[in-house]
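Engineer: Please see the structure below; I have some questions.
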Amino acid sequence: MMQQKIVIEVPLHCAKCKKKIMAICTTADGVTSFTFQREGKDQVVIKGEGIDAAGVTSRLREKVNKYAKLVSVAKDE
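Once you know that position 65 of the sequence shown is 65 in full-length UniProt numbering, the rest is easy, because the numbers rise by one and skip nothing.
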């Protein structure tokens, strides 16, 4: 299996939101690492194998922020 790098844009409003986002992203199947990225837009970068990117994005929409948007899914070099 190949390593994936998934970028999801999700507005970070507060520490509570960040905590929820972390919980959802780190408990998803196949995730090996997770980071927040703030370059103009708030994003989370998830790395791992066999991650269900659409599933994680929809869980973020349900639980944290309805504006969560899947930006990219790429092979991690």
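All C-beta atoms in this analysis are idealised placements derived from N, C-alpha and C, irrespective of residue type, glycine included.
Between the C-alpha atoms of Val-64 and Ala-74, what's the straight-line distance to the nearest angstrom?
Structural biologist: Numbered from its first residue, the sequence shown carries residue 64 at position 64. Numbered from its first residue, the sequence shown carries residue 74 at position 74. Computed Cα separation, rounded: 24 Å.
Engineer: Could you tell me how far apart the beta carbons of Ile-8 and Ala-68 are, in whole angstroms, since I believe they sit closer than 8 Å?
Structural biologist: Residue numbering aside, residue 8 sits at position 8 when the sequence shown is read from its first letter. Residue numbering aside, residue 68 sits at position 68 when the sequence shown is read from its first letter. Their Cβ separation, rounded to whole angstroms, is 6 Å, which keeps Ile-8 and Ala-68 in contact under 8 Å.
Engineer: If you drop the 5 nearest sequence neighbours on each side, which residues of the same chain put their C-beta closer than 7 Å to that of Leu-70?
Structural biologist: The sequence position of residue 70 within the sequence shown is 70, counting from 1. So the qualifying residues of the chain are Ile-8, Ala-53, Ala-54 and Thr-57.
Engineer: Terminal residues of the continuous alpha helix (DSSP H) containing Lys-19?
Structural biologist: By one-based count along the sequence shown, residue 19 stands at place 19. Its alpha helix (DSSP H) spans residues 15-27.
Engineer: Using DSSP bridges, identify the partner residues of Asp-42.
Structural biologist: Working through the sequence shown from its first residue, we reach residue 42 at position 42. Paired residue(s): Arg-38.
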